[in-house]
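Keeping their order, the protein sequence lines are chains P and D.
Sequential numbering from 1 applies to the first sequence in the working numbering.
Sequential numbering from 1001 applies to the second sequence in the working numbering.
2 protein chains.
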Amino acid sequence: MPPAPLPTQLDQLCAQLGTLCDTVSTALRRASVALLENRERLATQVICDYRGVQAMRAEAEELATDALLFHQPVAGDLRAVISSIRAAGDIERMGVLARHVAEVAACGRGLPVEVRADLERMGRLAVGLGLKAADVVRTRNVLLAAELEADDDAMDELHRRMFSVLLAPGWSHGVPAAVDVTLLARYYERFADHAVTVAHAIVYAVTGHEPGAIPI
Amino acid sequence: MPPAPLPTQLDQLCAQLGTLCDTVSTALRRASVALLENRERLATQVICDYRGVQAMRAEAEELATDALLFHQPVAGDLRAVISSIRAAGDIERMGVLARHVAEVAACGRGLPVEVRADLERMGRLAVGLGLKAADVVRTRNVLLAAELEADDDAMDELHRRMFSVLLAPGWSHGVPAAVDVTLLARYYERFADHAVTVAHAIVYAVTGHEPGAIPI
């Protein structure tokens, strides 16, 4: 069978990356539910599902390799393939971070009441960023990519607030809970950051410039 | 001027990635010295030097793009270019983690005595892993890549031990120091992990298999 034409292969590649991005966002949503509602079985399921993410990333890289091998793309098409390889790595990493949240949830230690609401917000923001990044990947909409920056600023603000709660003299939950919260906050913040990087990779693919170098 | 032949471009790409890997390892070594010896000016310098890492990564990606554009490589050569794009992302991330260690050092809060020795060991191991990864990138030595796994196991062991110290009832340094140590331990562990991923990318480039799928 002859290889599919380049535009078809590029569409398949975008679709695969979009699905991968949806999958890791759903994993983070489920991990967050497991964390907030102490559902250890759900947490274990998210941990197990991670293998599927690895397989999907490998598939995306195979599509990218085929596009390079069969069509020797140039200019914008070449940028699109290179950006996909970069983005696939970031999206897999988002999957690892979702698994890390699930791993904390699986320990079933529960969350101090002062940080529950903010962690829930961080989870919602991160999942939202992941789903927006999926849309950017699928639609190559550069303007939507700019929207992610504002959400990421909100995430950074929540991250800072979390530390001020942790480090306040009134913190009464001891070091173990502080360690859990420190890591959870970092997982959410990193997930959001990778989502923004994925969107940036698409902006680069479409425009040929890294965001920040062009006014979007 | 005609483009350089493919083998020359691939050599340049390996050299560039090797230099990048050396640079981020040196950055982590200096950040660790700044942390252990409370040298805030050195920490600030590491933070500033990070811009150079970003520029070097962009250069590596340009070399990879040129190789694809001018030579349409296939088989092992194509794998080498794709692996380089993956590895460049991981090495830049190692640079970010070195900067994070420097950021903690720049705060000048000092380290609790119980964790100094282990953090120093983690730093040494991480720098060593970074330099070994640089050698793997330059020499494409698959057997050396396997050596990194053992060092990474030692790092994981130190990481676990650090948490047992933090969570022991005898911890007397309060939550702020615990938060610092939690993050520092994670930065070192992640740096080491990325170094292993870089070596894996090279194994994939040379053998066509992900490590673990082949007995090395």
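Glycine included, C-beta positions come from ideal geometry on N, C-alpha and C.
Since this is a predicted model, take the numbers as computed values, not measurements.
- The beta-carbon of residue 1089 (chain D) is placed less than 7 Å from the nearest beta-carbon of chain P.
- Scanning D:1162, D:1190, D:1189 for the CA closest to the CA of residue 1177 (chain D) turns up D:1162.
- For residue 1002 (chain D), there are no neighbours in chain P by C-beta distance under 7 Å, as the nearest C-beta there is about 17 Å away.
- The contact set of residue 1176 (chain D) on chain P, defined by CB atoms closer than 7 Å, consists of 167 in chain order.
- Inclusion of residue 1145 (chain D) and residue 1136 (chain D) in the CB contact set at 7 Å is warranted, their separation being smaller than that value.
- The three-state secondary structure of residue 211 (chain P), taken from DSSP, is strand.
- Within the same chain, Cβ atoms closer than 8 Å to the Cβ of residue 140 (chain P) are found at 14, 202, 205, 206, the five residues on either side in sequence being excluded.
- Taking C-alpha positions only, residue 129 (chain P) is separated from residue 1197 (chain D) by approximately 26 Å.
- Within the same chain, and ignoring the five residues on either side of residue 1106 (chain D) in sequence, the residues whose Cβ sits closer than 6 Å to its Cβ are 1040, 1043, 1044.
- Here residue 94 (chain P) carries a helix assignment [DSSP, helix/strand/coil].
- One alpha carbon belongs to residue 1063 (chain D), the other to residue 211 (chain P), and they sit about 21 Å apart.
- Beyond the five residues adjoining it in sequence on each side, residue 1131 (chain D) comes within less than 8 Å, by CB distance, of 1021, 1022, 1025 in the same chain, given in chain order.
- For residue 1148 (chain D), the uninterrupted alpha helix (DSSP H) run begins and ends at 1142 to 1167, by DSSP.
- Rounded to the nearest whole angstrom, the C-alpha separation of residue 167 (chain P) and residue 1005 (chain D) is 57 Å.
- Under a 10 Å Cβ-count criterion, residue 1113 (chain D) is classified as exposed, with fewer than 16 other Cβ atoms of the shown protein chains found around its own Cβ.
- Per the C-alpha coordinates, the member of P:155, P:169, P:1, P:175 positioned closest to residue 186 (chain P) is P:155.
- The alpha-carbon of residue 1152 (chain D) is positioned some 24 Å away from that of residue 88 (chain P).
- Below 8 Å, too few C-beta pairs join the stretch 1052 to 1067 of chain D and the stretch 1118 to 1125 of chain D to call them touching: fewer than three.
- Distance from the CA of residue 1077 (chain D) to the CA of residue 71 (chain P), rounded to the nearest whole angstrom, comes to 16 Å.
- For the pair residue 118 (chain P) and residue 158 (chain P), the CB atoms are nearer than the 7 Å cut-off.
- Remark: C-beta atoms of residue 46 (chain P) and residue 30 (chain P) approach each other more closely than 7 Å.
- The C-beta distance from residue 1082 (chain D) to residue 65 (chain P) rounds to 6 Å, short enough to meet the 8 Å contact threshold.
- Among the residues of the stretch 69 to 88 of chain P, those with a Cβ less than 7 Å away from any Cβ of chain D are 69, 72, 74, 78, 82, 85, 86, in the order of the chain.
- For residue 206 (chain P), no CB of chain D lies under 7 Å from its own CB, so it is not counted at the interface with that chain.
- When only Cα atoms are considered, residue 1079 (chain D) and residue 92 (chain P) end up about 19 Å apart.
- Contact check for residue 98 (chain P) against residue 28 (chain P) passes: the beta carbons are separated by less than 7 Å.
- Taking 8 Å as the Cβ-Cβ cut-off, the stretch 1179 to 1204 of chain D approaches chain P at 1179, 1182, 1183, 1186, given in chain order.
- At the C-beta level, residue 1179 (chain D) and residue 182 (chain P) come within 7 Å of one another.
- The beta carbon of residue 1073 (chain D) sits closer than 7 Å to the beta carbons of 1006, 1067, 1081 from its chain, once the five residues preceding and following it are set aside; these are given in chain order.
- Here DSSP, grouped into helix, strand and coil, assigns residue 1043 (chain D) to helix.
- The C-beta of residue 143 (chain P) has fewer than 16 other C-beta atoms within 10 Å across all chains shown, which makes the residue exposed.
- Taking the beta carbon of residue 1065 (chain D) as reference, the chain P residues within 9 Å of it are 78, 79, 82, listed in sequence order.
- Within its own chain, the residues whose Cβ lies closer than 7 Å to the Cβ of residue 1060 (chain D), once the five positions on either side in sequence are excluded, are 1013, 1016, 1017, 1020, 1084, 1088, listed in chain order.
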